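Report on one structure; see the data block that follows.
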Amino acid sequence: MDIRTSEIVRSVLSREEQLAEKSQRSPDRHDTVSDIVAREPGRGRDAPKPTAIPSKGYRDVFWRVLGEIGSDHVLLMAAGAAFYGLLAVFPAITALMSIAGLLYQPQELVGALEGVSQIVPPDVSQILLDQAEAVAGSQESGLTLGLILGLGLALWSASAGVGALMEGINVAYDERDERGFVKTKGLTILFTIFMIIGVILAALLIIGLPIALGFLAFSPTMETVIQVVAYVPLAVLFIGGIAAFYRWGPDRATARAKWITPGALVAAVLWLIASIGFSFYVQNFSSYNETFGSLAGVIVLLMWMWLSAVVILVGAEINAEIEAQTARDTTTGPREPIGKRGAVKADNMGKAQ
1 MDIRTSEIVR SVLSREEQLA EKSQRSPDRH DTVSDIVARE PGRGRDAPKP
51 TAIPSKGYRD VFWRVLGEIG SDHVLLMAAG AAFYGLLAVF PAITALMSIA
101 GLLYQPQELV GALEGVSQIV PPDVSQILLD QAEAVAGSQE SGLTLGLILG
151 LGLALWSASA GVGALMEGIN VAYDERDERG FVKTKGLTIL FTIFMIIGVI
201 LAALLIIGLP IALGFLAFSP TMETVIQVVA YVPLAVLFIG GIAAFYRWGP
251 DRATARAKWI TPGALVAAVL WLIASIGFSF YVQNFSSYNE TFGSLAGVIV
301 LLMWMWLSAV VILVGAEINA EIEAQTARDT TTGPREPIGK RGAVKADNMG
351 KAQ
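Each residue of the sequence shown is one higher than the one before, starting from 1 at the first, in the UniProt record's numbering.
Structure representation (C-alpha cells):
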C-alpha cells in the first residue's frame with residue numbers, strides 16, 4: 001500500500017471514529033430537559049424553537065459551526081457537487097431553451113436571459129448566453145429532440161451533484177446514510193426532477209415577464225414594482241427547496257420545519273451575497289482571463305457553483321448545531337426521550353463553547 005492510499009484509508013477510518021464518538025456523546029439517557037437546563041442555564045437547552053435560544057446559546061452554535069465546517073470537509077464536499085453541476089449546465093440550458101421555445105421565439109429567449117447578468121458573475125452569464133444563442137440558432141422550429149436529450153443528460157449529471165450534496169448534509173448531521181443504493185438514487189433523482197421543475201418555472205418567469213411587460217403600457221416605475229414583486233415567489237421557491245433538501249436529504253428521523261428554516265434562510269441570503277460579491281470580485285480584482293485564457297469563463301462558472309454548494313452545506317451545519325443546542329425533541333411524530341429520537345443531533349447535545 002503506497003503512502004497516498006494509506007493516507008486515504010486513515011482519513012476514512014478517522015471519519016468513522018469521529019461518527020462513533022459523536023454518536024456516543026450524549027447526556028445520561030435518564031436525564032430530563034430540566035436536569036440538563038439546571039447544569040447549563042442560559043444556553044437555550046430547553047428552547048422549544050430556534051428563536052427561543054438566547055444569545056449565549058447562539059454563541060455556542062456559531063463556534064461549533066466554524067469547527068464543523070473544517071472537520072466535516074465542507075469545502076471538499078462542495079467541490080464534488082460543483083463538478084457534477086458543471087457537467088449538467090450545458091444540457092440543462094438545451095432543455096430549458098427547448099421547453100421555453102415551445103412558448104416563445106428563440107431570439108426572444110436569448111434577449112430575456114440577459115437579466116441573469118445582474119446576479120451571477122459576467123463570465124458565467126456570458127457562457128449561459130453563448131450556449132443559449134447556439135441552441136436558438138440551431139433550433140428554429142422543432143425542439144423535441146433537444147428537450148429529450150438535454151433533460152436526460154441534465155438529469156444524470158445533476159442527480160450526481162445532488163447526491164454529493166446529500167452526502168454532505170448527512171455528514172453535517174453526523175448521520176450514516178444506510179438507505180441503500182436504490183432508495184438513495186431514487187431520492188436524488190426525485191430531488192433533481194423537482195429542482196429542474198423549479199429552474200424551469202423560474203426561467204419562464206424571468207423570460208416571460210419582460211416580454212409581457214413589453215406588450216403592456218406601464219410606466220417605468222410600475223414596471224419596476226411589478227418586477228420586484230414577481231421575484232418574491234422565486235425567493236419563496238428557492239428557500240422552500242433548500243428547506244426540503246435539509247428535511248428529507250439526511251438519513252434520520254425527520255426534523256420539524258421550524259428547526260430547518262433558519263439554515264434555509266441563512267443559505268438563501270448567503271447565496272445572494274456570495275453571488276453578488278463574487279461577481280464584483282471577478283469584474284474588478286480577479287485575473288482569471290490572464291491566468292486561464294479561453295477557459296476563464298468555465299473556471300468562473302465552476303467557482304460560482306462551488307460557492308453555491310458551500311453555502312447550502314453551511315446552512316445544513318447551522319441547522320444541525322441549532323438543533324443540538326436544545327434538549328427538547330426536534331423530530332416529527334410523538335415526543336421521545338433523549339436517545340430514542342432516531343437522529344444524532346436530536347439525541348446529543350452540542351458542547352458549550
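Backbone N, C-alpha and C define an ideal beta-carbon position, used for all residues, glycine too.
All values derive from a computational prediction rather than experimental measurement.
Within its chain, find whatever has a CB closer than 6 Å to the CB of residue 127; leave out the 5 residues flanking it on each side and keep chain order. 297, 301
Which residue marks the beginning of the alpha helix (DSSP H) containing residue 220, and which one marks its end? 220–248
Can you tell me which residues form a DSSP beta bridge with residue 255? 331
Within 10 Å of its beta-carbon, does residue 216 have 16 or more other beta-carbons around it, so buried, or fewer, so exposed? exposed
How is residue 192 classed by DSSP in three states: helix, strand or coil? helix
From residue 345 to residue 53, what distance separates their C-alpha atoms? 16 Å
For the alpha helix (DSSP H) containing residue 262, name the first residue and the last one. 261–284
Quick one: what does DSSP say residue 141 is sitting in, helix, strand or coil? Low local confidence applies: a pLDDT of 45 at residue 141 is under 50, so the model's placement there is unreliable, with the coordinate-based value given in what follows. Reduced to three states, the DSSP call for residue 141 is coil.
Limits of the unbroken alpha helix (DSSP H) element including residue 64: 55–71
For residue 34, which residues in the same chain have their Cβ closer than 8 Å to its Cβ, ignoring the five residues on either side in sequence? 46
Rounded C-beta distance between residue 124 and residue 304? I'm assuming under 8 Å. 5 Å
Helix, strand or coil at residue 40 according to DSSP, with G and I counted as helix: coil
Can you tell me where the alpha helix (DSSP H) holding residue 302 begins and where it ends? 296–323
With distance defined between alpha-carbon atoms, name the residue in 331, 322, 312, 333 nearest to residue 168. 312
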